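Residue 352 is where the sequence shown ends in the UniProt record's numbering, and the numbering goes up by one at each step.
Since the structure comes first, as structure tokens, the remarks are kept for the end.
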Amino acid sequence: MTPTFNKIHNRFKLNGNYFSFDSLKEVAYSYIKEGETFEQEIGVFLLDWLDDNEFLSVNTSGSTGQPKSITLSKQAMVNSAIATGDYFNLKPGNTALLCLPASYIAGKMMLVRALILGLEIDNVQPTTTPKINQNKHYDFCAMIPAQAEKSSDQLDAIKTLIVGGAQVSKALKQQFSGLKTQVFETYGMTETITHIAVKQINNTTTNIFTTLPGIAISQNKKECLVIDAPQLTANQIITNDVVKLYSNTTFEWLGRIDNVINSGGVKLFPEQIEAKLQSKIKGRFFITAQKDDTFGEVPVLVLEAKDNQVNPNTFTDLSNIQTPKVILAINAFAETSSGKVNRLKTMQLLKK
């Protein structure tokens, strides 16, 4: 029998304490009234989850467009939690760590997984350097790449770590090598209720994502990923992500179609160029396109820096057509509300 959103698993614990449906409401009120900002966010979500409404509003991060509020079915969120539990073999009584803000879907879903699967979840302040209790063992945790990078010396306390919200760099993957922790990069978005596919990124050489149970994928004519997830949404989701499809459950992510640079008829994916440059450029940067009379478009390197000077050896791993023809610099990148780089707004600032 499939669990429903209006029931709490009898093995659920929050910070070491069991709670009934009603007593959890009291905790939520207490968090809102007396807690720190991140606890207030947890309280607000719990009250939303525990009310009689079958739907709730969730804010998107704005990384692929304007931030917006979308409505999600609570039962679909339950189904997502079950799919994650099945994939990672999470059992009642397993431990979990919440170190993401509950104001966004990734943090909300950590709580939903605990409520539905019967996990014992602890919450800590969601900073870029979350404090992980080294005297405890956690079976499951989710982080953004910046947190995982700065917590790599503490990750032995975690059995399975999922990393999402931004692409995981080659340097960070190398940081994970040799860890006992199983580290997975996730693919998903708010509309798919976080991840619908994962790939292990340490102690393996694969670059292929595998979908969670109940998820099927295909491609459209633009070679973009199409997601069928009937347990999550009634509508087929057509993404802007160009992929190499291996089966209806496995794919390799190439980049976003709205970022593609068409240079002399050759498709260049900025994300692939960026991956080759990550170990050679300190600080944040990204690759974008600039109009060119000869090639149509050429790649441009944009630095978050005081000047546009780079080491001559920076581009040795790039082919001639991939090598940026222009280097631009700006003191500070524009960001989304969740702290991700907003490429479009940054380019608008450069043109002012």
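We treat Cβ as the ideally placed atom computed from N, Cα and C, and that holds for glycine.
Treat the numbers as computed from the prediction; the structure is a model and nothing was measured.
Burial state of residue i (16 or more Cβ within 10 Å)
i    : result
H137 : exposed
F55  : exposed
V266 : exposed
D241 : buried
K33  : exposed
N259 : buried
S319 : exposed
F12  : buried
S23  : exposed
T346 : buried
L90  : buried
L277 : buried
M143 : buried
A76  : buried
Where residue i falls: helix, strand or coil (DSSP)
i           : result
V310        : coil
R343        : helix
A275        : helix
residue 353 : Because the chain here runs from 1 to 352, residue 353 falls outside it and cannot be looked at.
A334        : coil
K352        : coil
T316        : coil
L50         : helix
T204        : coil
I32         : helix
I42         : helix
L212        : coil
K25         : helix
C-alpha gap between residue i and residue j, whole angstroms
i           : j    : result
T160        : I208 : 18 Å
A332        : G35  : 33 Å
A83         : L50  : 21 Å
S80         : A28  : 23 Å
S57         : L172 : 33 Å
F257        : L111 : Looking at the sequence shown, residue 257 is not Phe but Ile. Between I257 and L111, the C-alpha separation is close to 33 Å.
T4          : L232 : 14 Å
T205        : E185 : 13 Å
Y31         : E39  : 5 Å
L100        : T294 : 47 Å
V302        : A166 : 18 Å
I281        : F269 : 18 Å
D48         : S337 : 22 Å
N313        : Q322 : 14 Å
Y87         : A96  : 15 Å
A272        : I193 : Here the sequence assigns Gln to residue 272, which means Ala is not the residue at that position. So the alpha carbons of these two residues sit roughly 26 Å apart.
T71         : M1   : 25 Å
residue 380 : N17  : Because the chain spans 1 through 352 in this model, residue 380 falls outside it and cannot be assessed.
Contact set for residue i: own chain, Cβ-Cβ below 6 Å, skip 5 residues either direction
i    : result
N94  : L119 and D139
A148 : V163
V183 : L161, F176, I201 and N202
D228 : A216 and Q236
A102 : E41, I42, F45 and K108
I132 : Q154 and A157
G264 : F295
V298 : S263, Q290, D292 and K325
Same chain, Cβ closer than 8 Å to residue i, five either side skipped, listed in chain order
i    : result
V300 : I287, T288, A289, Q290, P324, K325, V326, I327 and L328
V226 : I217, S218, Q219, N220, Q236, I237, I238 and T239
L349 : I330 and A334
T210 : A197, V198, K199, T249 and T250
Y246 : I208 and E252
Spatial neighbours of residue i in its chain, beta-carbon cut-off 7 Å, leaving aside the 5 residues before and after
i    : result
E304 : G283, R284, F285, I330, A332 and F333
N123 : N15, I42 and L98
P92  : H9, R11, L117 and G118
W253 : Y187, F209, D241 and V243
K343 : Just to set this straight, residue 343 is Arg in the shown sequence, not Lys. Closer than 7 Å at Cβ, skipping near neighbours: F286 and T288.
Which ranges does the beta strand (DSSP E) cover as unbroken runs of at least 3 residues, wholly within the UniProt domain "AMP-dependent synthetase/ligase" (60-200), from first to last along the chain?
69-73, 95-98, 120-123, 138-143, 158-163, 182-189 and 194-200
Fully enclosed by the segment 229-304, which alpha helix (DSSP H) runs are 4 residues long or longer?
270-277
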